[in-house]
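Read the structure below first, then the notes.
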Amino acid sequence: MLRFALSRILSATVTLLGVSVLVFIAVRLVPGRFEEVVLPRGSEELRAQVAERLGLDQPILVQYGLWISNFVRGDFGTSLLTGRPVWEEFAPRIVVTGELALMALVMSLVFGGALGVAAGFSRRAAAQTSSRLFSAATMSVPDFVIGSIFLWFFSVYALGLTVGQWVPWSEGVGAHLRSAFIPALTLAIFGIGLISATVRLSILAVLEQDHITAARLRGLSEGQILRRHVFRNAAISILTVTAIFAGYLLGGAVLVEFLFSVPGLGRYVLQGILQRDYVVVQAGVMLAACLFVLINMAADLAYAWLDPRLRAGGA
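Our numbering applies: residue 51 is where the sequence shown begins, and numbers increase by one.
Now the structure itself:
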């Protein structure tokens, strides 16, 4: 198990190093330098002074070396626009994005799992067809389209929910949850379809195996079969798509936060892109990449714990 874990850590390190290079290059390929954006009518001399003060005139390799060495030590740099440490800007926004992602993940697991179990154990063709159509529809429609529909619908029929405004916890638990529900549901729609499809297919595959038939002949109820056999055998597939969806939430939150005016990390990084704040964009993307890699590495370790054959093969 230790060898398997070390191999995954090495793979994650190489992946993050590659991501850091791509991110560093990509943000500098965006048309318009920072000094040109903040000083659209400034002289070339003034722009050169700004670039020199911020270290943007140094060779690219020097800039990359300084940035990545500081990032590894936990120093995300200073925002070019505000002059404040990036971590101070990130900290409250990470909490908001994390809360939104957690709510979406819980919704997806609860509703998607329930729909998948119901469809998986149903022997009616109509239930199978309806489940397939539902999953296809929810996974094919982009978040911003779903969010736009929700914005229109809940603006007309409020149903007691807050639309287009993020209410902090300090103004009341109920008011906060009412403002967070629609953005979280928008993020969760894809996950509900993905998880329901995975659970349904996993259950159908397990129920066709011989040991399930033997369990039924022994007189076990459907609930006992579900708890003792189906969930454990289907766990790897469910864990896989849950890890994929958790990573998807990191990217999906950007548009949803922008659409619903949620003061999260995704919206802040998007503003950094528009304002050419390289430091904010680099730190935001690298932080998201680190979280994505950690989630997938944890999922790999969980696979190995559930199925020792994977551990032996990966070693």
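For each residue, glycine too, the CB sits at the ideal point set by N, CA and C.
Going by DSSP, Q321 is part of the alpha helix (DSSP H) stretching over L315 to L324. With 16 or more other Cβ atoms from the protein chains shown falling within 10 Å of its own Cβ, L130 counts as buried.
In the DSSP assignment, Y207 falls outside any alpha helix (DSSP H) and carries neither an H nor an E. By the neighbour-count criterion, in which 16 or more other beta carbons inside 10 Å mark a residue as buried, Y328 falls on the buried side. DSSP, read as helix, strand or coil, puts T128 in strand. Residue range E272 to I275 is occupied by the alpha helix (DSSP H) that includes Q274. Contact between L351 and R58 is confirmed by a C-beta separation of about 7 Å, below the 8 Å threshold. For S180, the enclosing alpha helix (DSSP H) begins and ends at A175 to S190. Runs of beta strand (DSSP E) with 3 or more residues, each lying fully within the segment 241-307, are absent. Residue pairing from DSSP places P135 in a beta bridge opposite T128. For L289 and S198, the gap between their C-alpha atoms comes out near 30 Å. In the DSSP annotation of this structure, the continuous segment of the alpha helix (DSSP H) that includes L111 starts and ends at I110 to V122. With fewer than 16 other Cβ atoms from the protein chains shown falling within 10 Å of its own Cβ, P192 counts as exposed. Non-local beta-carbon contacts of A225 in its own chain, meaning distances under 8 Å to residues more than five positions away in sequence, involve T212 and V217 in chain order. Assigned with DSSP and collapsed to three states, P233 falls in helix. The C-alpha of V156 lies about 17 Å from the C-alpha of M189. Setting aside the 5 residues that flank it on each side, V112 has no residue in the same chain whose C-beta is closer than 7 Å to its C-beta. Three or more Cβ pairs closer than 8 Å define a contact, and the segment 232-249 meets that threshold against the segment 306-314.
The closest CA to that of V195, considering only I144, I239 and L150, is found on I239. Sorting L159, R182 and F295 by C-alpha distance to the C-alpha of G170 places R182 at the top. In this structure, V330 is the residue among I144, V330 and I345 with its C-alpha nearest to the C-alpha of F126.
In this structure, G162 is the residue among G222, V167, A168 and G162 with its C-alpha nearest to the C-alpha of S185.
Taking 8 Å as the cut-off, the beta carbon of Y114 is found no closer than this to the beta carbon of F140. A333 sits close to V136, with the two beta carbons spaced by under 8 Å. Looking at the backbone, the Cα of L116 and that of V71 are separated by about 13 Å.
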